[in-house]
Amino acid sequence: MRSASVLAALVVVGILAAATPARADGFIIPSAGVVFGGDSGTTLGGAIDAGSRTTWSIAMGGMGGGVLGLDEDISFTPNFFGQGGNIGSTRVVTAMSNLLIGVPFGGQSGGGVRPYVTGGVGLIHRHIDTNNNLTNFASNDFGYDLGLGVMGFFATNVGVRVDLRYFRNFKQTDTNAIGLSTGDFNFSRGSFGIVFRF
């Protein structure tokens with residue numbers, strides 16, 4: 032029974048490998064954007080107008096010859112919770128491993144467009160330093176992200192990406208001295224990046 036299961040798995044892997052073209056797209060995408068909604072305390076329009084919730088990110092990964100791919104997305108948002116009063120510096124860092132599903136209209140070389148949806152899991156880190164250093168807050172939580180976007184290519188190796196993602200942690204925030212909202216921590220991120228494809 033066990034050998035039959037192994038044989039069946041090998042047959043499936045072989046069929047998938049044979050059906051998938053060998054060419055794959057690797058990419059690196061540095062991006063800039065804003066965080067909004069949820070615990071960011073601002074709307075998309077407010078974040079853009081005030082420039083107060085800027086975020087920086089980089090994605091590294093690749094798309095297979097078909098429609099499936101993977102990426103590692105890392106983002107850094109200084110001043111996520113704002114400043115003022117007793118709040119000194121704040122930051123939120125995310126590191127997510129994602130599955131991508133996207134169809135390459137126009138092929139995998141030259142100009143073209145690839146819309147996609149994505150989702151994954153990873154780390155959400157929050158850090159707040161207060162001016163009196165008595166009620167600082169830090170947490171590392173397991174969380175997930177869901178998103179969609181589009182990559183557009185002007186040539187084989189260079190393009191742009193517009194990306195929208197929603198982040199949420201699995202662990203609820205308890206009552207705390209810093210005044211953070213209790214419950215699930217969540218926010219959205221909109222970003223624009225340059226795609227280097229290889």
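Using our numbering, read the sequence shown as starting at 32 and increasing by one per residue. For every residue, glycine included, the Cβ atom is placed at its ideal position computed from N, Cα and C. Please read these numbers as outputs of a predicted model, since none were measured by experiment.
SER71 sits in a helix when the DSSP states are folded into three classes. Nearest C-alpha to GLY138 among GLY183, GLY69 and THR86: GLY183. Per DSSP, the continuous beta strand (DSSP E) segment holding GLY174 begins and ends at 168-184. Assignment of GLY77 by DSSP, reduced to helix, strand and coil, places it in the helix class.
The beta carbons of ILE159 and THR121 sit closer together than 8 Å.
Counting C-beta atoms within 10 angstroms of its own C-beta, VAL66 has 16 or more neighbours from the protein chains shown and is therefore classed as buried. Inside the region 109-153, DSSP marks no whole alpha helix (DSSP H) run of 4 or more residues. Rounded to whole angstroms, the gap between the alpha carbons of LEU101 and ASN163 is 43 Å. Contact annotation, GLY57 with GLY93: C-beta distance approximately 4 Å; criterion of less than 8 Å satisfied. With fewer than 16 other CB atoms across the displayed protein chains lying within 10 angstroms of its CB, LEU99 is exposed.
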